[in-house]
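Using my numbering, the first residue of the sequence shown is number 96, and each one after it goes up by one. Structure record follows, encoded as structure tokens.
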Amino acid sequence: MLKIGVLASGRGSNFQSIINSIESGFLKAEISVLITDNPDAYAVRRAESHNIEALIMRLEEFPDKDSYYAHIADVLNNKDVGLVILAGFMRVVGRPLIKVFQNKIMNIHPALLPALPGLHGQKQAVEYGLKISGCTVHFVDEGVDTGPVIIQAAVPVYEDDTEDSLSERILKQEHRIFPFAIKLYAEGRLSVKGRKVIIDAPREDSVICSLPLSDSR
Ligand code: GRF
């Protein structure tokens, strides 16, 4: 069974959606460890209440960024982790981890990449006056939100949206598509060819790759 290592820095609602997907039987995988750079992360409490080991690793306690990520890679390797999930991990992951887990690290981003990479995708969408935004699950490469796209979900942006109201609408979709992307991976249905992620799934299943504007108020 696929072993997952989760990296999170904060509230961990995506982490929770993955836990729920496993507990409901939707996703056949196990979470081996949560690693956080923030001792106060609510994600740690979620781990504790589901008997998942939580390790606090602060960047400040390492001589440099490379040794920090090399250590994380070692820990994950020793636990036989096959897939690393960035669930609100608020750092750009360093090369030593990416090299060891090439196309085995997934991130969720709150915008339709390649639009609005970086921080505050929801605020940027509102301020830009976009009519559509959404979220993207992608493999992680060395850039900021530049890796191959796995699946995306779109939501409408309304004229009176605030950063918070749009974030909430996008978050609902994050909680749907992140477990789904992990499920596809766990079932061996994802392959990466250059920039493209090929999904081995019937077209009906892949409708989630381009979700209709189903969200209504
Ligand atoms: C989400 O908006 C996600 O898209 C971004 O960070 C946030 C994490 O939220 N990468 P949570 O900690 O999973 O609740």
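Glycine included, every Cβ here is placed at the ideal spot set by N, Cα and C.
Short note on residue 205: C-beta closer than 6 Å to some heavy atom of the ligand GRF. Taken from the Cβ of residue 182, at least one heavy atom of the ligand GRF lies inside 6 Å. If only uninterrupted alpha helix (DSSP H) runs of at least 4 residues are considered, those enclosed by the region 256-307 are 258-281. Counting only unbroken stretches of 4 or more residues, the alpha helix (DSSP H) elements lying wholly within the region 115-201 are 137-144, 160-173 and 190-195, in sequence order.
Only residues of its own chain outside the window of five on either side were considered, and among them 122 have a CB closer than 6 Å to the CB of residue 278, listed in chain order. If you check the CB distance, residue 197 and residue 230 do not come in under 7 Å. The beta carbons of residue 150 and residue 180 sit no closer together than 7 Å.
Residue 109 has its CB nearer than 6 Å to a heavy atom of the ligand GRF. Rounded to the nearest angstrom, the gap between the Cα atoms of residue 213 and residue 110 is 20 Å. One alpha carbon belongs to residue 261, the other to residue 289, and they sit about 32 Å apart. Pairwise C-beta distances place the region 214-224 out of contact with the region 131-151, as fewer than three of them are shorter than 8 Å. For residue 235 against residue 242, the beta-carbon gap comes to about 5 Å, under 8 Å, which counts as contact.
For residue 216, no beta strand (DSSP E) segment is defined; the enclosing uninterrupted segment is the alpha helix (DSSP H) at 216-223.
Counting of Cβ neighbours within 10 angstroms places residue 162 among the exposed residues, the total staying below 16.
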